[in-house]
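Numbers 1 to 291, taken from full-length UniProt numbering, label the letters of the sequence shown in order.
Glycine included, C-beta positions come from ideal geometry on N, C-alpha and C.
Computed from a predicted structure; not experimentally measured.
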Amino acid sequence: MIEILEGTRETVSYSPHFRVRLYMNQETENYPIHWHTAVEVIMPMENIYTAVVIGERHILNPGDILVIPPGELHELFAPDSGKRIILQFDSAMLYQLDGFSSSLSLLGSSIVIRGEQHEDLHANLRDLLLQIMNEYFSDAPLKEAAAFSLLIQFFVQLGRNYVLGENRFPKTRTGNKHKYVDLFLEICTYINEHCTEDLSIDHVAEKAGFSKFHFIRLFKQFTGSSYYTYLNKRKIMNAEKLLMDPNITITEVAMRSGFVSLATFNRVFKSYKKCTPSQFKNLEGVHRTNP
Numbered sequence: 001m002i003e004i005l006e007g008t009r010e011t012v013s014y015s016p017h018f019r020v021r022l023y024m025n026q027e028t029e030n031y032p033i034h035w036h037t038a039v040e041v042i043m044p045m046e047n048i049y050t051a052v053v054i055g056e057r058h059i060l061n062p063g064d065i066l067v068i069p070p071g072e073l074h075e076l077f078a079p080d081s082g083k084r085i086i087l088q089f090d091s092a093m094l095y096q097l098d099g100f101s102s103s104l105s106l107l108g109s110s111i112v113i114r115g116e117q118h119e120d121l122h123a124n125l126r127d128l129l130l131q132i133m134n135e136y137f138s139d140a141p142l143k144e145a146a147a148f149s150l151l152i153q154f155f156v157q158l159g160r161n162y163v164l165g166e167n168r169f170p171k172t173r174t175g176n177k178h179k180y181v182d183l184f185l186e187i188c189t190y191i192n193e194h195c196t197e198d199l200s201i202d203h204v205a206e207k208a209g210f211s212k213f214h215f216i217r218l219f220k221q222f223t224g225s226s227y228y229t230y231l232n233k234r235k236i237m238n239a240e241k242l243l244m245d246p247n248i249t250i251t252e253v254a255m256r257s258g259f260v261s262l263a264t265f266n267r268v269f270k271s272y273k274k275c276t277p278s279q280f281k282n283l284e285g286v287h288r289t290n291p
């Protein structure tokens, strides 16, 4: 069961000195729709599990690796018997690393790495996850430092695979492609840090050194989404944090998140989170999906 669940918000119970939680889960009960500020990684070891993230269903076979970024509403369905690794960690631990936040944004609301689709990447990530588990449960000195270093390796490999994927600048030569990747990681970081401001596409295109129309095309190739879709998603991520504070009204959340009106905020929030800001804030009334 989820240890600390208030409505739909889970508070992950970390140890006092290490913001990582890992356990071998063998429970047969389903986990209701919920969200948390942690990044979550799930890998079945025995039997088939189902996860639904923002309405998207993932059937997870043994060895499949599901990564869920923070703030995403999800629910988990368990078989009558089975075993799976569940890893949760405070994303703030890695946000200080240059490019991490932008790379995580490229994964969307969730991503599944399967052996038949990404053989080498899957093998490496699976080995790293098992090494993290071994360190986590060991009595060795500096086990937290060892587990943390492996966690960084896990997301470096995952991030590099997706920022250097075939769909990133497909018609660009390798040397220029890497330059574009570095540049657009910087641009995404800039957007992440200034998303609540009046951040026009003309301004960001000029900062990147491209014409507006060239920038629009390259940004879509890099992120897989339009500029304003990406910008709105970052605004919603900022709004999620503010909605946790019971002393801040929804109207104030909308304004502080960079939305010009409450109606626009409500519409955009529901399109991303499949629930209204009020439901999210009050931790109730969220639609559940059956397996």
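The beta carbon of Leu104 sits closer than 6 Å to those of Pro69, all from its chain and outside the five residues before and after it, given in chain order. With fewer than three CB-CB distances shorter than 8 Å, the stretch 9-22 does not count as touching the stretch 45-54. CA-CA distance, Ser211 to Phe184, rounds to 14 Å. Residue environment: Pro246 is assigned as exposed (fewer than 16 neighbouring CB atoms within 10 Å of its CB, all protein chains considered). Using a C-beta cut-off of 8 Å, the stretch 86-96 makes contact with the stretch 28-41, since at least three inter-stretch Cβ pairs fall below that distance. Annotation for Arg160: no beta strand (DSSP E) segment contains it, though the alpha helix (DSSP H) segment containing it runs Lys143 to Val163. Inter-residue distance for Lys270 and Pro277 is about 7 Å (C-alpha atoms, whole angstroms). Here the C-alpha atom of Asp80 lies approximately 9 Å from the C-alpha atom of Glu27.
Rounded to the nearest whole angstrom, the C-alpha separation of Tyr227 and Asn161 is 22 Å. Taking 7 Å as the cut-off, the beta carbon of Leu106 is found no closer than this to the beta carbon of Phe100. Here Lys233 carries a helix assignment [DSSP, helix/strand/coil]. Per DSSP, the continuous alpha helix (DSSP H) segment holding Asn266 begins and ends at Leu262 to Lys273.
Spatial neighbours of Glu29 in its own chain (CB-CB distance under 6 Å, excluding positions within 5 residues in sequence) are not present. When C-beta atoms of the stretch 16-27 are compared with those of the stretch 54-63, fewer than three pairs fall below 8 Å, so the two segments do not count as touching. Arg217 sits in a helix when the DSSP states are folded into three classes.
With 16 or more neighbouring CB atoms inside 10 Å of its own CB, Glu135 falls in the buried class.
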